[in-house]
Ligand code: SER
């Protein structure tokens with residue numbers, strides 16, 4: 003990777019990935035793009051920024067030529083619950099959008115990173131130690147777009163030699179840009195609530211286990227897979243990666259240990275609960291460990307310490 007273009011730089015992962023890639027590759031060599039560039043935080047203006055709607059394939063190709071891009075990170079997506087509310091738009095962004103990215107990659111010879119998800123699995127997938135290669139058949143539009151984009155990436159690799167790679171992210175927990183409309187968002191919101199009001203109402207039932215990861219590990223995964231030696235890769239797209247698995251009670255207790263007055267109750271949102279119930283409890287990420295040395299650095303305790311430290315500092319009364 004020398005010259006990188008990120009689609010969705012104003013989003014939850016994009017905002018931090020842009021910053022991290024610029025640290026490693028230089029401000030001028032990482033182009034931040036988003037459909038809503040007015041949302042860019044000031045620090046993103048340290049390098050090139052461009053307005054880009056992922057459906058505008060012509061403009062994407064023009065930017066790839068203009069900045070001599072060799073790697074595209076496509077982070078444009080609607081998260082799972084929003085995608086259920088707007089399935090047609092989710093399909094357009096997730097599938098037509100990614101098809102355009104792969105076509106530009108084929109014509110102009112760039113590599114592509116695609117973030118698939120635990121959402122690419124479905125109710126018939128084994129939920130515990132979910133293997134790398136297993137039945138997927140998701141029943142959400144988010145999942146349909148994710149699994150289709152994984153397959154499309156594999157196809158473009160085999161048929162046209164496009165260097166398409168990616169991971170299946172679990173819920174990502176961060177303290178810079180909030181996610182929105184995702185099923186795993188509760189695991190971010192609970193920290194903000196603990197610090198800001200001391201109370202949280204959880205939209206998922208106790209006992210709903212999901213894979214999760216702290217943002218620094220997610221950035222590390224997204225960069226390491228693209229830097230990995232291609233000769234060692236058996237898979238290319240949709241590597242399972244995880245760092246921890248917990249249910250609402252476990253994360254609540256981890257916070258309460260540090261903020262004893264913190265209280266949580268439940269008001270289950272049926273759409274989110276239905277989505278969460280169709281996803282794995284815990285994935286097996288041994289293929290990523292074996293093929294490109296994936297290893298997370300953060301667990302629930304270290305992440306909780308860090309999240310509460312950062313947010314308490316920010317919202318100090
Ligand atoms: N965080 C995503 C969501 O909840 C899952 O990949 O939609």
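In our numbering, the protein residues as written are 3 to 319.
Just so you know, even glycine gets a beta-carbon here, dropped at the ideal spot from N, CA and C.
Q: Flag residue 166 as yes when its Cβ comes closer than 7 Å to any non-hydrogen atom of ligand 1, and as no otherwise.
A: To locate residue 166, count along the chain shown from 1; it is residue 164. No; taking the cut-off as 7 Å, the Cβ of residue 166 has no heavy atom of ligand 1 nearer than that.
Q. In three-state terms, what does DSSP make of residue 264?
A. Stepping through the chain shown from its first residue, residue 264 is reached at position 262. Three-state result, residue 264: coil.
Q: Could you tell me which residues DSSP pairs with residue 170 in its beta bridges?
A: Residue 170 sits at position 168 when you count from the first residue of the chain shown. BP columns for residue 170 point to 118, 242.
(Q) Give me the DSSP bridge partner(s) of residue 214. (A) Residue numbering aside, residue 214 sits at position 212 when the chain shown is read from its first letter. Residue 214 pairs with 173, 246.
(Q) Rounded to the nearest angstrom, what separates residue 135 and residue 264 at their Cα positions? (A) Position 133 of the chain shown holds residue 135. Position 262 of the chain shown holds residue 264. About 41 Å.
Q. Beta-carbon separation of residue 76 and residue 32 under 8 Å?
A. Numbered from its first residue, the chain shown carries residue 76 at position 74. Numbered from its first residue, the chain shown carries residue 32 at position 30. Contact: no.
(Q) Extract the residue ranges of the beta strand (DSSP E) inside the stretch 137 to 211, only unbroken runs of 3 or more that lie entirely within it. (A) Listed in chain order, they are 166 to 171, 173 to 175, 201 to 204.
Q.
Tell me whether residue 244, by its Cβ, gets closer than 7 Å to a heavy atom of ligand 1.
A. Taking the first residue of the chain shown as 1, we reach residue 244 at position 242. Within the chosen limit of 7 Å, ligand 1 does not reach the beta carbon of residue 244 with any heavy atom.
Q.
With three or more beta-carbon pairs closer than 8 Å as the criterion, would you say the stretch 273 to 287 touches the stretch 206 to 216?
A. yes
Q.
Please determine whether the Cβ atom of residue 179 lies at a distance below 7 Å from any heavy atom of ligand 1.
A. Counting from 1 along the chain shown, the entry for residue 179 is found at position 177. The beta carbon of residue 179 sits no closer than 7 Å to any heavy atom of ligand 1.
Q: Flag residue 171 as yes when its Cβ comes closer than 7 Å to any non-hydrogen atom of ligand 1, and as no otherwise.
A: Within the chain shown, residue 171 is the residue found at index 169, counting from 1. Yes, the Cβ of residue 171 comes within 7 Å of a heavy atom of ligand 1.
Q: Determine whether the Cβ of residue 89 lies closer than 8 Å to any Cβ atom of chain B.
A: Going by chain labels, chain B is absent from the structure shown, which holds only one protein chain.
Q.
Checking the sheet assignment: what are the DSSP bridge partners for residue 285?
A. By 1-based counting over the chain shown, the position of residue 285 is 283. According to DSSP, residue 285 shares a beta bridge with 132.
Q) Any heavy atom of ligand 1 within a distance shorter than 7 Å of the CB on residue 184? A) Along the chain shown, one-based indexing puts residue 184 at 182. Checking the Cβ of residue 184 against ligand 1 gives yes.
Q: Could you spell out where the alpha helix (DSSP H) holding residue 65 opens and where it closes?
A: Reading the chain shown from its first residue, position 63 is the one you call residue 65. Residue 65 -> alpha helix (DSSP H) spans 59 to 68.
Q: Answer yes if the stretch 162 to 181 comes into contact with the stretch 238 to 247, meaning at least three C-beta pairs across the two stretches below 8 Å, and no otherwise.
A: Segments in contact, yes.
Q.
According to DSSP, simplified to helix, strand and coil, what is residue 31?
A. Here residue 31 refers to the residue found at position 29 of the chain shown. When secondary structure is reduced to three states using DSSP, residue 31 falls in the helix class.
Q) Is there at least one non-hydrogen atom of ligand 1 closer than 7 Å to the beta-carbon of residue 120? A) Mapped onto the chain shown, residue 120 falls at position 118. Yes, Cβ of residue 120 sits closer than 7 Å to a heavy atom of ligand 1.
**Q.** Inter-residue Cα distance where the pair is residue 203 and residue 268
**A.** Counting from one through the chain shown, the residue named residue 203 turns up at place 201. Counting from one through the chain shown, the residue named residue 268 turns up at place 266. Rounded to the nearest angstrom, the two C-alpha atoms are 5 Å apart.
**Q.** Stretch pair the stretch 55 to 72 + the stretch 4 to 13: three plus CB contacts closer than 8 Å
**A.** yes
Q. Measuring CA to CA, which of 222, 303, 137, 115 is closest to residue 25?
A. Taking the first residue of the chain shown as 1, we reach residue 25 at position 23. Among 222, 303, 137, 115, the Cα nearest to that of residue 25 belongs to 222.
**Q.** Assigned secondary structure, residue 23 (DSSP; H/G/I helix, E/B strand, else coil)
**A.** Translated into positions along the chain shown, residue 23 becomes position 21. Helix at residue 23.
Q. With C-beta atoms as the reference, is residue 39 less than 8 Å away from residue 53?
A. By 1-based counting over the chain shown, the position of residue 39 is 37. By 1-based counting over the chain shown, the position of residue 53 is 51. In contact: residue 39 and residue 53 (Cβ atoms closer than 8 Å).
Q. Any chance the CB of residue 268 is under 7 Å from a heavy atom of ligand 1?
A. Here residue 268 refers to the residue found at position 266 when the chain shown is read from its first residue. No - ligand 1 has no heavy atom lying nearer than 7 Å to the Cβ of residue 268.
Q | Cβ separation of residue 118 and residue 148, assumed to be a contact under 8 Å, to the nearest whole Å | A | Here residue 118 refers to the residue found at position 116 when the chain shown is read from its first residue. Here residue 148 refers to the residue found at position 146 when the chain shown is read from its first residue. With a Cβ gap of about 5 Å, residue 118 and residue 148 count as contacting.
Q) residue 82: beta carbon under 7 Å from a heavy atom of ligand 1? A) As a first step, residue 82 must be located in the chain shown, where it is residue number 80. Checking the Cβ of residue 82 against ligand 1 gives yes.
Q: Report yes if the C-beta of residue 188 is less than 7 Å from at least one heavy atom of ligand 1; otherwise report no.
A: Indexing the chain shown from 1 puts residue 188 at position 186. Every heavy atom of ligand 1 is 7 Å or more from the Cβ of residue 188, so no.
Q: In the DSSP assignment, find the unbroken alpha helix (DSSP H) run with residue 302 in it and report its ends.
A: Reading the chain shown from its first residue, position 300 is the one you call residue 302. Annotation: the continuous alpha helix (DSSP H) that includes residue 302 extends over 302 to 316.
Q) Is the stretch 107 to 122 in contact with the stretch 152 to 163, if contact means three or more CB pairs nearer than 8 Å? A) yes
Q) What did DSSP end up calling residue 221 once you bin it into helix, strand or coil? A) Working through the chain shown from its first residue, we reach residue 221 at position 219. It is helical.
Q: Would you list the one or two residues that DSSP bridges to residue 76?
A: Reading the chain shown from its first residue, position 74 is the one you call residue 76. For residue 76, which the question treats as bridged, DSSP gives the partners 9.
Q | Contact under 8 Å by Cβ, residue 187 with residue 284 | A | Taking the chain shown and counting its residues from 1, one reaches residue 187 at position 185. Taking the chain shown and counting its residues from 1, one reaches residue 284 at position 282. The Cβ-Cβ distance between residue 187 and residue 284 does not fall below 8 Å.
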